[in-house]
């Protein structure tokens, strides 16, 4: 995996890259930073039966506002497998942090998303995939950690034409080692308007955060720690 | 990766496993062999915009006939990315074998399929995934080779609750080192009726093979080499 050392990013020099874009603060910041570094960014979002579908609308607006070369939204029925509070209405989103891997973890989510990004990268002849994974101020999901991302990269290089034909696929996670406060600062520096991003696990139909889920808590603390005004919209 | 040494398979003893089932001869044989070895098999198929949608109907019938515990068909819009003769009507399926990776290769297909299998395995609390990949009489796709499958397994063990909590995810490819003739013999031995499977890259609406694509050629040669009658249905 590349980018563990944080920014600055390698210059894209116009090269194509696929960028996973959820509509949240971290992926928006990743996209903005990649565009600023000169990558031609092909943003990829998923409609995977998540509760907070409003994040897909946020992703559409962000892809346009931040200068993505293209944006695709792929429908993906992860809800058919059940098992997560983010896709299964029968499982409540917890309001207090628990021990271990939380119920908001969607099974194999980043693996599925990165796999689809790899498929698009192959058809674009792109060799770089950006993901806003963060392993500092995060919810403890196993598929956000640097060793996971490195293993995905190793697999991708055996899975594809590019790998077989001698090019190198790179999974770039420029935020992976940043504290949330650093991400907030980077977002502002790259021109991301935090109010247009949706991080909440159970945002309302207007895209406003609940203020109590793990994602909202981590984000709010990031603004406090960064000493910046939090323009996030919360439901009353 | 487990199962590189070919059969016999490790006894399932009633344990759950996800089995990728395309409707072709190899995946049907993998499912039949896994059921026979005592695995509770959760068969998984994809409707991914492939030309030969008739294979999904074959998969439904095979899952039932071969004793799968359950069968899911997940819609997956790989065609949105284009780039393969199997999903893009603008690219012709070749009638003669070429050099290198063929145009029938679907970008990152096995990576996407295994990722979805991993997602289902997590929600089932299953730790085993079967795939009918074969690296002997095959079309030269990079994602059928043992080193690729081993890399996917390594990644999967870092991606999931099971890996984090100490269980071991295994990608089992029992056919990977078998010649097509051996697969044909195993299919018959396990009770698979070859006439009910669809391997052709451009089968007609009745599920009959074209007889000229790479997949049809490999399969037909397998029957000849095995010295068994080929009951495959071909279009006139």
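Protein chains in written order, with our numbering: chain A, 1418 to 1653; chain B, 1418 to 1653. Quick reminder that beta carbons are idealized off the backbone N, C-alpha and C, glycines included.
Roughly how many angstroms lie between the CA atoms of residue 1555 of chain A and residue 1635 of chain A, to the nearest whole one?
7 Å
For residue 1493 of chain B, tell me which candidate among B:1588, B:1526, B:1545 has the shortest Cα-Cα distance.
B:1526
Can you give, in chain order, each stretch of the alpha helix (DSSP H) that sits fully within the stretch 1557 to 1608 of chain B and has at least 4 residues?
1563 to 1576, 1578 to 1581, 1597 to 1606
With residue 1545 of chain B and residue 1589 of chain B assumed to form a contact (beta carbons below 8 Å), what rounded beta-carbon distance in angstroms separates them?
6 Å
Check this for me: beta carbons of residue 1613 of chain B and residue 1482 of chain B, under 8 Å apart or not?
A contact, by the Cβ cut-off of 8 Å.
On the CB-based measure, 16 or more other CB atoms within 10 Å of its CB, does residue 1641 of chain B come out buried or exposed?
exposed
Have a look at residue 1479 of chain B and residue 1475 of chain A and give me their C-alpha separation to the nearest angstrom.
42 Å
Straight-line CA distance for residue 1599 of chain B to residue 1609 of chain B?
14 Å
Name the one or two DSSP bridge partners that residue 1488 of chain A has.
A:1460
If the criterion is Cβ atoms closer than 8 Å, does the pair residue 1573 of chain B and residue 1580 of chain B meet it?
yes
Can you pull out the residues from the stretch 1574 to 1590 of chain B whose beta carbon lies closer than 9 Å to at least one beta carbon of chain A?
So the list reads 1574, 1575, 1576, 1577, 1578, 1580, 1581, 1582, given in the order they occur along the chain.
If you draw a straight line from the alpha carbon of residue 1425 of chain A to that of residue 1575 of chain B, how long is it in whole angstroms?
27 Å
Please look up how many angstroms separate the CB atoms of residue 1539 of chain A and residue 1524 of chain B, rounded, as I've assumed it's under 8 Å.
4 Å
Could you tell me the alpha carbon to alpha carbon distance between residue 1536 of chain A and residue 1435 of chain A, rounded to whole angstroms?
Note on geometry: alpha-carbon atoms of residue 1536 of chain A and residue 1435 of chain A lie some 10 Å from one another.
Have a look at A:1490, A:1567, A:1456 and flag the residue whose alpha-carbon is nearest the alpha-carbon of residue 1471 of chain A.
Comparing Cα-Cα distances from residue 1471 of chain A to each of A:1490, A:1567, A:1456, the minimum goes to A:1490.
Specify the secondary structure class of residue 1443 of chain B as computed by DSSP and reduced to three states.
helix
So the candidates are A:1587, A:1607, A:1485, A:1541; which of them puts its Cα closest to the Cα of residue 1563 of chain A?
Nearest to residue 1563 of chain A by alpha-carbon distance, out of A:1587, A:1607, A:1485, A:1541, is A:1587.
In the structure shown, what three-state DSSP assignment does residue 1475 of chain B receive?
helix
Based on the DSSP output, what are the partners of residue 1526 of chain A in its beta bridges?
In DSSP, residue 1526 of chain A forms no bridge with anything.
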